[in-house]
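**Student:**
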């Protein structure tokens, strides 16, 4: 074998390795995309299952795991809801009374799998207390007036109480209806 043939064989071997390297990493990328698409389809199937009405049996009884899901969801809402958005109905010394749309816990318990989420809200009146440590962002207390919409944040869950101490009150927020 002369030098030309040796170089040609080396070039062919190098080309085969390079092609194998490229194909290997392309296959890895394809596998990642397939896994991602599979996960997306699984989650969209789960979303469809949650958003579609459940089919009840003849006694209109709820399966046990669905009951547990509703109870878990209700507990999560109670534990994690720490703010309200609503309209000011009165302002007095250290208290702002607000009518807010909040999750109707009874609707979740009874009808979560048959009602649209917007039907699961109720209007509730809150006494939002504030003190020297309450942060007023985007508007100061003297700027607030009856009819203004505010968002009030608490350090504690607020769904099961009628009054709470606000850690922050703001008028700078976006409602879900406005975002669509």
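Numbering (this note's numbering), first residue to last: 2 to 181.
For every residue, glycine included, the Cβ atom is placed at its ideal position computed from N, Cα and C.
None of the values given here were measured: they were computed from a predicted structure.
State the beta-bridge partners of residue 152 as determined by DSSP.
**Tutor:** Here residue 152 refers to the residue found at position 151 when the chain shown is read from its first residue. Residue 152 pairs with 86 and 171.
**Student:** Taking its Cβ as the centre, do 16 or more other Cβ atoms sit within 10 Å of residue 31, making it buried, or is it exposed?
**Tutor:** Counting from 1 along the chain shown, the entry for residue 31 is found at position 30. By the neighbour-count rule (16 or more Cβ atoms within 10 Å), residue 31 is not buried but exposed.
**Student:** Within 10 angstroms of the Cβ of residue 138, are there 16 or more other Cβ atoms? Answer buried if so, exposed if not.
**Tutor:** As a working mapping, residue 138 is identified with position 137 in the chain shown. Result: exposed.
**Student:** Spell out the partners DSSP gives residue 127 in its beta bridges.
**Tutor:** Position 126 of the chain shown, counting from 1, holds the residue named residue 127. 99.
**Student:** Tell me whether residue 145 sits in a helix, a strand or coil according to DSSP, three-state version.
**Tutor:** Numbered from 1 along the chain shown, position 144 holds the residue referred to as residue 145. Note: residue 145 maps to coil in three-state DSSP.
**Student:** Please look up how many angstroms separate the CB atoms of residue 85 and residue 99, rounded, as I've assumed it's under 8 Å.
**Tutor:** Here residue 85 is taken as the residue at index 84 of the chain shown, counted from 1. Here residue 99 is taken as the residue at index 98 of the chain shown, counted from 1. Confirmed, about 6 Å.
**Student:** Output the distance between the C-alpha atoms of residue 57 and residue 39, rounded to the nearest integer angstrom.
**Tutor:** Residue numbering aside, residue 57 sits at position 56 when the chain shown is read from its first letter. Residue numbering aside, residue 39 sits at position 38 when the chain shown is read from its first letter. Summary for residue 57: the model assigns pLDDT 42, below 50, so the residue's position carries little reliability, and this model does not support an answer.
**Student:** List the endpoints of the continuous beta strand (DSSP E) containing residue 138.
**Tutor:** Position 137 of the chain shown, counted from the start, is the residue given in the question as residue 138. Unbroken beta strand (DSSP E) run through residue 138: 136–138.
**Student:** Please classify residue 151 as buried or exposed, where buried requires at least 16 other C-beta atoms within 10 Å of its C-beta.
**Tutor:** To locate residue 151, count along the chain shown from 1; it is residue 150. Per the 10 Å Cβ criterion, buried.
**Student:** In terms of residues, what are the limits of the beta strand (DSSP E) holding residue 166?
**Tutor:** For this step, residue 166 is matched to residue 165 along the chain shown. Element bounds for residue 166: 164–166.
**Student:** Can you name the residues that DSSP bridges to residue 104?
**Tutor:** One-based indexing of the chain shown puts residue 104 at position 103. Looking at the DSSP assignment, residue 104 forms a beta bridge with 122.
**Student:** Thinking C-beta only, is residue 89 closer than 9 Å to residue 161?
**Tutor:** Taking the chain shown and counting its residues from 1, the one referred to as residue 161 is at position 160. Taking the chain shown and counting its residues from 1, the one referred to as residue 89 is at position 88. No, the Cβ-Cβ distance between residue 161 and residue 89 is not below 9 Å.
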